[in-house]
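Asks: For the sequence shown, the positions run -11 to 131 when the working numbering is used.
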Amino acid sequence: MGIWQAARPPRPFPEVWCQELTSLAELAALRARLRRSTTGSRTVAEPERDHWSERLVLIADELTSNALRHGGAPVAAVLGRDGDRWLIAVRDAAVDVPPAPAEGRDPGLGGFGLYLVADLSAAHGWFTEPGAKTAWAVVDGGA
């Protein structure tokens, strides 16, 4: 059994916003929007308090860059929130390309972001719907 299993998020997360992306150049704006949405600041204002938010930002960056590199357009990042728990879900059109962590590869060649997402999240997974694949992760904002 691998670390990236097909599964939907553990419970409903009301959507805060959805942002479509077309290129890797848009990732900086996505990171700033995530910080602003979770902490009220575009930058890391209080690292001791906001470490969980930076985990969410890093996870979103990894999932979104993977979707832009390996998925098909359109790509969209969705932020959801349920109390202190936050969901980042990234959708692309590559339904036949599941998230696949690198195995047997030189670490210098990259491909280890999905391991990072698994380590930094409280829960993670992926699922398909007609015409779309979604990779998601949950971060606990109270941790």
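The C-beta atom is built at its ideal place from N, Cα and C for all residues, glycine as well.
Please report the residue range of the alpha helix (DSSP H) in which R23 lies.
Replies: L15 to T27
Asks: Can you give me the start and stop residues for the beta strand (DSSP E) that V126 sits inside?
Replies: A120 to D128
Asks: Measure the Cβ-Cβ separation of S53 and L12 and say whether it is below 8 Å.
Replies: The answer is yes: Cβ separation under 8 Å.
Asks: Hey, A65 and A48 are a contact pair by Cβ (cut 8 Å); roughly how many whole angstroms apart?
Replies: 6 Å
Asks: Round the Cβ separation of V4 and S29 to the nearest angstrom and send it over; I've been treating them as touching at under 8 Å.
Replies: That belief does not hold up - the Cβ atoms of V4 and S29 are roughly 16 Å apart, past 8 Å.
Asks: Can you give the Cα-Cα distance for R69 and R93, rounded to whole angstroms?
Replies: 35 Å
Asks: Between the alpha carbons of E8 and T27, how many angstroms are there, rounded?
Replies: So the alpha carbons of these two residues sit roughly 22 Å apart.
Asks: Which residue's Cα is closest to the Cα of T116: P86, T31, A90 and V127?
Replies: Closest in alpha carbon position to T116, among P86, T31, A90 and V127, is P86.
Asks: Let me know if M(-11) comes out buried or exposed under the rule of 16 or more other beta-carbons within 10 Å of its beta-carbon.
Replies: Low confidence applies here, because M(-11) scores a pLDDT of 45, under 50, leaving its location unreliable; read the following figure in that light. M(-11) comes out exposed.
Asks: Can you tell which of D128, R73 and L51 has the C-alpha that lies nearest to the C-alpha of G113?
Replies: L51
Asks: When the distance is taken between beta carbons, is V127 closer than 8 Å to R43?
Replies: Contact: yes.
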